[in-house]
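Colleague: Got a structure for you, written out below as structure tokens; questions coming shortly.
Number of protein chains: 2
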Amino acid sequence: MTGRDADGEAEQANGDRGDPCGAVGGVAAMQARRAALLGPAYRLFYDRPLHLVRGDGVWLFDAQGAAYLDGYNNVASVGHCHPHVVSAIAAQAGRLATHTRYLHDGPLDLAARLLDSLPEPLGHMMFTCTGSEANDLAFRIAQSATGGRGVVVTQTAYHGVTEAAAAFSPALRLPGGLPAHVRVVPAPLDGPDPAGRFAADVAAAFADLGRAGVGPAMFLCDSIFASDGVVDGPPGLLRGAAEAARAVGALYVADEVQAGFGRTGEGMWGFTRHGVQPDIVTMGKPMGNGYPVAGLAVRPEHIARFGRDVRYFNTFGGNPVAMAAAGAVLDVIAREELIANAAATGAHLRARLRDVQAGHPVLGAVRGAGLFAGVDVVTPDGSARPDPQNAAAIVNAMRASGVLISTSGLDGNVLKIRPPLVFRPEHADRLVAALEQALHGGTRGHGTPE
Amino acid sequence: MTGRDADGEAEQANGDRGDPCGAVGGVAAMQARRAALLGPAYRLFYDRPLHLVRGDGVWLFDAQGAAYLDGYNNVASVGHCHPHVVSAIAAQAGRLATHTRYLHDGPLDLAARLLDSLPEPLGHMMFTCTGSEANDLAFRIAQSATGGRGVVVTQTAYHGVTEAAAAFSPALRLPGGLPAHVRVVPAPLDGPDPAGRFAADVAAAFADLGRAGVGPAMFLCDSIFASDGVVDGPPGLLRGAAEAARAVGALYVADEVQAGFGRTGEGMWGFTRHGVQPDIVTMGKPMGNGYPVAGLAVRPEHIARFGRDVRYFNTFGGNPVAMAAAGAVLDVIAREELIANAAATGAHLRARLRDVQAGHPVLGAVRGAGLFAGVDVVTPDGSARPDPQNAAAIVNAMRASGVLISTSGLDGNVLKIRPPLVFRPEHADRLVAALEQALHGGTRGHGTPE
Numbered sequence: 001m002t003g004r005d006a007d008g009e010a011e012q013a014n015g016d017r018g019d020p021c022g023a024v025g026g027v028a029a030m031q032a033r034r035a036a037l038l039g040p041a042y043r044l045f046y047d048r049p050l051h052l053v054r055g056d057g058v059w060l061f062d063a064q065g066a067a068y069l070d071g072y073n074n075v076a077s078v079g080h081c082h083p084h085v086v087s088a089i090a091a092q093a094g095r096l097a098t099h100t101r102y103l104h105d106g107p108l109d110l111a112a113r114l115l116d117s118l119p120e121p122l123g124h125m126m127f128t129c130t131g132s133e134a135n136d137l138a139f140r141i142a143q144s145a146t147g148g149r150g151v152v153v154t155q156t157a158y159h160g161v162t163e164a165a166a167a168f169s170p171a172l173r174l175p176g177g178l179p180a181h182v183r184v185v186p187a188p189l190d191g192p193d194p195a196g197r198f199a200a201d202v203a204a205a206f207a208d209l210g211r212a213g214v215g216p217a218m219f220l221c222d223s224i225f226a227s228d229g230v231v232d233g234p235p236g237l238l239r240g241a242a243e244a245a246r247a248v249g250a251l252y253v254a255d256e257v258q259a260g261f262g263r264t265g266e267g268m269w270g271f272t273r274h275g276v277q278p279d280i281v282t283m284g285k286p287m288g289n290g291y292p293v294a295g296l297a298v299r300p301e302h303i304a305r306f307g308r309d310v311r312y313f314n315t316f317g318g319n320p321v322a323m324a325a326a327g328a329v330l331d332v333i334a335r336e337e338l339i340a341n342a343a344a345t346g347a348h349l350r351a352r353l354r355d356v357q358a359g360h361p362v363l364g365a366v367r368g369a370g371l372f373a374g375v376d377v378v379t380p381d382g383s384a385r386p387d388p389q390n391a392a393a394i395v396n397a398m399r400a401s402g403v404l405i406s407t408s409g410l411d412g413n414v415l416k417i418r419p420p421l422v423f424r425p426e427h428a429d430r431l432v433a434a435l436e437q438a439l440h441g442g443t444r445g446h447g448t449p450e
Numbered sequence: 451m452t453g454r455d456a457d458g459e460a461e462q463a464n465g466d467r468g469d470p471c472g473a474v475g476g477v478a479a480m481q482a483r484r485a486a487l488l489g490p491a492y493r494l495f496y497d498r499p500l501h502l503v504r505g506d507g508v509w510l511f512d513a514q515g516a517a518y519l520d521g522y523n524n525v526a527s528v529g530h531c532h533p534h535v536v537s538a539i540a541a542q543a544g545r546l547a548t549h550t551r552y553l554h555d556g557p558l559d560l561a562a563r564l565l566d567s568l569p570e571p572l573g574h575m576m577f578t579c580t581g582s583e584a585n586d587l588a589f590r591i592a593q594s595a596t597g598g599r600g601v602v603v604t605q606t607a608y609h610g611v612t613e614a615a616a617a618f619s620p621a622l623r624l625p626g627g628l629p630a631h632v633r634v635v636p637a638p639l640d641g642p643d644p645a646g647r648f649a650a651d652v653a654a655a656f657a658d659l660g661r662a663g664v665g666p667a668m669f670l671c672d673s674i675f676a677s678d679g680v681v682d683g684p685p686g687l688l689r690g691a692a693e694a695a696r697a698v699g700a701l702y703v704a705d706e707v708q709a710g711f712g713r714t715g716e717g718m719w720g721f722t723r724h725g726v727q728p729d730i731v732t733m734g735k736p737m738g739n740g741y742p743v744a745g746l747a748v749r750p751e752h753i754a755r756f757g758r759d760v761r762y763f764n765t766f767g768g769n770p771v772a773m774a775a776a777g778a779v780l781d782v783i784a785r786e787e788l789i790a791n792a793a794a795t796g797a798h799l800r801a802r803l804r805d806v807q808a809g810h811p812v813l814g815a816v817r818g819a820g821l822f823a824g825v826d827v828v829t830p831d832g833s834a835r836p837d838p839q840n841a842a843a844i845v846n847a848m849r850a851s852g853v854l855i856s857t858s859g860l861d862g863n864v865l866k867i868r869p870p871l872v873f874r875p876e877h878a879d880r881l882v883a884a885l886e887q888a889l890h891g892g893t894r895g896h897g898t899p900e
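So the sequence lines, in the order shown, correspond to chains D and G. Count the first sequence with my numbering and you get residues 1 to 450, in order. Count the second sequence with my numbering and you get residues 451 to 900, in order.
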């Protein structure tokens, strides 16, 4: 059974046995053991879940040694097990791993490097362990700075799993629906003047909160709309919405957990493409290439009151090992010119996807920026309705061909392609070949790393 | 300026320059840089903050090479930079660091080992990155299981820094006070029949919530009362309170972030001493010896609905490197017999502290279990009122002697002694000698590792 989960991924429940034709005995036994030990709240990718044991660059390997081209994982953003990051972690773990109530150069050096990459008004960095904690903290800071509690997010946004972050993550489809302090606006996916409509929707949402007696706190927006089906532009798309939020006294918080660290191919941050200056920027996933490290940058005027009245301490946040991992990731992004690669390989990938789309009516729009692409899967009958069943079938067929992607979007019908930033044009070609094969109802056989 | 922060630690603001007599130029410059880069929400320990660069076992070393005996850090619980843990992290970081939507033996093997150490009814493990996330998730699960939102905690409890966890962490003294769904009860520190009084207080708190229309969700209690000033017993202290919570339909959640992993010297978990079986057990800090890993164990009946309706995914939670780190910590606890050491060295430490207390009227009660001790600092005038100023002075004098501890408690007057579990009797002797010196108004000079 393939279901839907946070950010619309194609997943299945823990206890399901998977496709009986394809199930490997060891995998079925692991699934049963996993259901017994971890319980019912966990989910797995793919009708035939993967048992992975090793990663290297853009490749993942299962227990039988089969290779999978990773077209999906943005956490291992500079490549699985990058030796520079691994050795930075190992060296610092062997030297010191304490916390921020002692002085250490680690958080200071990393904060300086990150702030250098951000617009000037963002003056302070704070460190957490997860993107959820970063967005949760941004919400606490925004409430302290504004005195309000109202949050506006996009319709299928995903911002985290703490209680506070889950409450403004409509992608989770929590029972009970959205709480009284949250409003959603449609992602600016299509139609005329998407930027103008988006700004008007944000203004209307805050007005609606105001009528309900809820003061404005923040407009929180993922700059690449990862779980809304991937929205690339036009550049400037976010400017009006950010201004609409500020006009009522809310902060504009850029959630860069998905779009940050070079993913979109135009500088380090996804919001750069839109010519906006956020009040707070949250970051996470790729920040430590798998080491749990996240954080936020904030304008000093917004943190003054919070710093005086509330304060913040996170036991593992800003620890020297986390800082070493994140510093090593920044090194690799620069040395290997991964932002330029995201732009070039991403453009190549989208061009190849559009070639395939031209010959396949089940593929609709191809969107994306850098190495983050979304491809609509639609019915081929001329009505072009979203077809999540076929999207899941394509994802599972590509997995059988040894290429890993997932789905996204309000209807779960958007192919979500988001490989490590070390993806090269030949990898994109291989991914697209597996897609074509899947569209023809076949698989390609497992790949071998090249 | 020495202030008070979460869990009553003696701290100072980021921008403070520290004791001008003792300030090293480099430290003052780092403090200024830190204030500029990290902003006003961060705090530092000690009037003269420490710039640490290296750790080894029970020793920490500053930038000048001076050694400090660590009598405080429970995260590096099996000793700073333990080689078995460091090599487990390095090896797994070089092999694979993905997430729980793929199958991997790491979370399964660790879950099996942890569940083996817990009472039978706790059937499932879930993994997060921080104790805050674990307590936040416990609250979400408790709400799903009970349908209520009411939380009862102790008066100076600290349970985390997400918005939800901070709301039930009165130690943070947040502006605006406690929200409507939270009630506090005094920690059972003294008086006749503390267990009976504690149970009655918990029952009364839930009754008060009920009168306010708030249904019961959970009674959340740190089994060693770390930020309430350290409460050791009598054994059985928690049983009546847990029963009172269950009688109204609330879950009893044991917060083992402080007391877990052998800290109290009687088995792996702090609640064991009290003969209770929790509905949920949360764990964190020492779990990965500094690697960000945390989690919870839950009775299957409480997670069924949450698993069906809500689900949970944490990007870094349960990743193979976290699991390797936590598994290595369990190895070391067993191989080096650290629970027995916590019991034996802890008993020696408390005996020596009581020897000192007998000769010093400024020291009041000595409490503790295993390697977690609390010593009241009181006025010597016969009234024995809490004396937080003298407690902070003692902590700072001991730091000047090269021994690290902190403070705790409602009044901030409790010396909080919580060293790595590899602390030996000779280290306890050295700590107590520094305390005696501090009580005589002097310092001992920096130590050398023995």
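Even for Gly, the Cβ is constructed at its ideal location relative to N, Cα and C.
At a Cβ threshold of 9 Å, is I783 (chain G) touching chain D?
Modeller: Closer than 9 Å: no.
Colleague: Use the C-beta contact count for A695 (chain G): other C-beta atoms within 10 angstroms, 16 or more gives buried, fewer gives exposed.
Modeller: The residue is buried, with at least 16 neighbouring Cβ atoms inside 10 Å.
Colleague: Taking Q514 (chain G) as the reference, which of G:G507, G:D520, G:A784, G:V503 has the closest Cα?
Modeller: Q514 (chain G) has its Cα closest to that of G:V503, out of G:G507, G:D520, G:A784, G:V503.
Colleague: What number of angstroms, rounded off, separates the C-alpha of V707 (chain G) from the C-alpha of A516 (chain G)?
Modeller: Taking the straight line from one Cα to the other gives about 30 Å.
Colleague: Roughly how far, in whole angstroms, is the beta-carbon of F532 (chain D) from the beta-carbon of L371 (chain D), given that I think they are within contact range, below 8 Å?
Modeller: The structure shown does not extend to residue 532 (chain D), since chain D is modelled only from 1 to 450, so the question has no answer here.
Colleague: From D:L69, D:L50, D:G39, pick the residue whose C-alpha is nearest to that of V432 (chain D); which is it?
Modeller: Comparing Cα positions, the closest option is D:L69.
Colleague: With 9 Å as the threshold, decide whether the Cβ of F271 (chain D) is near any Cβ in chain G.
Modeller: No, F271 (chain D) does not count as interfacial toward chain G.
Colleague: Among all the DSSP beta bridges, which residues are the ones paired with V377 (chain D)?
Modeller: Partner(s): D:L363.
Colleague: Output needed for E886 (chain G): all residues of its chain with C-beta closer than 6 Å, excluding positions within five of it in sequence on either side, in chain order.
Modeller: Excluding sequence neighbours, E886 (chain G) sits near V806.
Colleague: Are the CB atoms of P292 (chain D) and V248 (chain D) nearer to each other than 9 Å?
Modeller: No, the pair does not count as a contact, with Cβ atoms beyond the cut-off.
Colleague: Can you say whether D429 (chain D) is buried or exposed, counting buried as having 16 or more other CB atoms within 10 angstroms of its CB?
Modeller: Burial call: exposed.
Colleague: What does N319 (chain D) touch in chain G if you count any residue whose Cβ is under 7 Å from its own?
Modeller: Here the neighbours are G740.
Colleague: List the endpoints of the continuous alpha helix (DSSP H) containing H427 (chain D).
Modeller: 425-439 is the span of the alpha helix (DSSP H), which, as asked, contains H427 (chain D).
Colleague: Indicate the three-state DSSP secondary structure (helix, strand or coil) for R493 (chain G) in the structure shown.
Modeller: Three-state result, R493 (chain G): strand.
Colleague: Taking beta-carbon pairs under 8 Å, can you tell me which members of the segment 651-680 of chain G lie near chain D?
Modeller: Taking 8 Å as the Cβ-Cβ cut-off against chain D, none of the residues of the segment 651-680 of chain G qualify.
Colleague: With a threshold of 9 Å between beta carbons, is G22 (chain D) in contact with chain G?
Modeller: Reliability fails at G22 (chain D), whose pLDDT of 40 lies under 50, so the model's placement of it is uncertain and the value that follows must be treated cautiously. No - not a single Cβ of chain G is within 9 Å of the one on G22 (chain D).
Colleague: Roughly how many whole angstroms lie between the Cα atoms of L889 (chain G) and G318 (chain D)?
Modeller: Between L889 (chain G) and G318 (chain D), the C-alpha separation is close to 34 Å.
Colleague: Can you name, in chain order, every residue of its own chain whose Cβ lies under 6 Å from the Cβ of W269 (chain D), other than the five neighbours on each side?
Modeller: Correct list, in chain order: E256, G260.
Colleague: Identify every residue that forms a DSSP beta bridge with F127 (chain D).
Modeller: The partner list for F127 (chain D) (beta bridge, DSSP) reads D:G295.
Colleague: Determine, using beta carbons only, whether G458 (chain D) comes closer than 9 Å to chain G.
Modeller: One cannot answer for residue 458 (chain D) here, as it falls past the ends of chain D, which runs 1 to 450.
Colleague: Show which residues of chain G have a CB atom less than 9 Å away from the CB atom of V253 (chain D).
Modeller: Those within 9 Å of V253 (chain D) in chain G number zero; the least Cβ separation is about 14 Å.
Colleague: Quick one: is R211 (chain D) buried, meaning 16 or more other Cβ sit within 10 Å of its Cβ, or exposed?
Modeller: Under this definition R211 (chain D) is an exposed residue.
Colleague: 9 Å is my cut-off, CB to CB: does H440 (chain D) come that close to chain G?
Modeller: Chain G, which has no Cβ nearer than 9 Å to the Cβ of H440 (chain D), makes this no.
Colleague: Could you spell out the range, first to last residue, of the beta strand (DSSP E) harbouring T604 (chain G)?
Modeller: It spans 600-604 - the beta strand (DSSP E) in which T604 (chain G) sits, taken as one unbroken run.
Colleague: Pick from D:P49, D:G262, D:G412, D:L189: whose alpha carbon is nearest that of G346 (chain D)?
Modeller: Ranking D:P49, D:G262, D:G412, D:L189 by Cα distance to G346 (chain D) puts D:G262 first.
Colleague: Could you pull out every residue in the same chain whose Cβ sits closer than 7 Å to the Cβ of C531 (chain G), ignoring the five residues on either side in sequence?
Modeller: Answer for C531 (chain G): G505, D506, listed in chain order.
Colleague: Could you pull out every unbroken alpha helix (DSSP H) segment of at least 4 residues lying fully inside the segment 665-697 of chain G, listed in chain order?
Modeller: Qualifying alpha helix (DSSP H) stretches, in chain order: 689-697.
Colleague: So with Cβ pairs under 9 Å, would you call P533 (chain G) a contact of chain D?
Modeller: Taking Cβ atoms only, chain D reaches closer than 9 Å to P533 (chain G), which makes this a yes.
Colleague: Just the Cα atoms here: how many angstroms apart are R33 (chain D) and L558 (chain G)?
Modeller: In a straight line, the C-alpha of R33 (chain D) is about 7 Å away from that of L558 (chain G).
Colleague: Out of D:G290, D:F225, D:V85, D:R299, which has the shortest C-alpha to C-alpha gap to P170 (chain D)?
Modeller: Among D:G290, D:F225, D:V85, D:R299, the Cα nearest to that of P170 (chain D) is on D:F225.
Colleague: In whole angstroms, what is the alpha-carbon distance linking P836 (chain G) and R689 (chain G)?
Modeller: Each residue's Cα considered, the two are about 29 Å apart.
Colleague: Can you tell me whether S406 (chain D) is buried or exposed, with buried defined as 16 or more other CB within 10 angstroms of its CB?
Modeller: Flag for S406 (chain D) reads buried.
Colleague: Taking just the CA atoms, how far does M30 (chain D) sit from A97 (chain D)?
Modeller: Cα to Cα, the separation comes out at about 34 Å.
Colleague: Are the beta-carbon atoms of P40 (chain D) and F756 (chain G) separated by less than 9 Å?
Modeller: For P40 (chain D) and F756 (chain G), yes; Cβs fall inside 9 Å.
Colleague: So, at 6 Å on beta carbons, what are the nonlocal neighbours of F648 (chain G) in its own chain, with the 5 sequence-adjacent residues on each side left out?
Modeller: Around F648 (chain G): P638, A691.
Colleague: For the segment 842-874 of chain G, list the beta strand (DSSP E) runs that are entirely contained and at least 3 residues long, ordered along the chain.
Modeller: You should have 856-858, 864-867.
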